[in-house]
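Heads up: the structure comes next, in structure tokens.
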Amino acid sequence: MSGIWIFGYGSLIWRPAMAFRTSRVARLAGWTRRFWQGSHDHRGLPHAPGRVVTLVAAPQASCDGLAYLVDRDVVETVFRNLDHREKNGYERHAVRLTFRDGGVVDAIVYIAAVGNHAWLGPAGDEEMVRQICQAAGPSGANIDYLNDLAAALRDLEIKDPHVFRLESMARAFMARQEGGDGHTIRQASSKL
Ligand code: SIN
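Just so you know, we're using the working numbering here: the sequence shown kicks off at 1038 and counts up by one.
Right, here's the structure in full:
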């Protein structure tokens, strides 16, 4: 079997949009998932960026996600498409994954490094939630990204306190918005 493993930890989990042979839950040691990357092209706009996940180095931590095995004969096309999709600050990195059901493999992951042009960095949870609840871009509402990620992680039985905390705070924020002035601030809130 000749192919390349690609590790997804954000939107690549629920919307891989690539041809792959199989997928397996895997763990990347030394990195943690954070809503610290700005999105000016998918879930926000240049003047009002959204927040999406990237990986931040954390020697004692790890990030669970989904690894996709892509056949060599389509890998060039897959990387061309992913490079375009992840162009707002993400770069390919070679990493080593451990599958949940055992085994180790080399893989490629897209990481938006600290200080890249779209980097937002850490902020208080309330501030991040407000930004996520209010931003939207060509790929949709930022809150849908958060909710879809949380749902996908739950489906895969992956625990991520950072994501689940923001999800629950965002639900409360949207409920307050709806309750406060009697109308939804955006259609997406009806999904909550
Ligand atoms: C990923 O999903 O692996 C990268 C970040 C994203 O596109 O949300």
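Ideal Cβ placement from N, Cα and C applies to all residues, glycine included.
Residues near residue i by beta carbon distance below 8 angstroms, same chain, minus five either side
i: R1109; result: S1039, G1040, I1041
i: G1067; result: A1094, A1095, P1096, A1098, S1099
Residue i: CB within 7 angstroms of a non-hydrogen atom of the ligand SIN
i: Y1105; result: no
i: I1145; result: no
i: E1204; result: no
Within 8 angstroms, strictly: CB atoms of residue i and residue j
i: G1087; j: N1153; result: no
i: A1028; j: L1134; result: There is no way to answer for residue 1028, as the model of the chain reaches only from 1038 to 1229.
i: L1193; j: F1072; result: no
i: A1187; j: F1201; result: yes
i: V1107; j: A1056; result: yes
i: Y1127; j: A1149; result: yes
i: G1045; j: L1092; result: no
Length of the line joining the Cα atoms of residue i and residue j
i: A1172; j: L1065; result: 29 angstroms
i: P1175; j: A1085; result: 12 angstroms
i: R1167; j: T1059; result: 37 angstroms
i: V1111; j: L1183; result: 30 angstroms
i: R1191; j: P1083; result: 31 angstroms
i: F1210; j: C1170; result: 8 angstroms
Closest residue to residue i among the options (Cα-Cα distance)
i: G1047; options: D1197, E1215, G1158; result: D1197
i: L1049; options: A1085, P1083, H1077, Y1105; result: Y1105
i: E1113; options: N1184, I1043, R1208, R1191; result: I1043
Sequence-distant residues of its chain with Cβ nearer than 6 angstroms to residue i (five each side left out)
i: R1137; result: V1062
i: V1142; result: W1042, L1134
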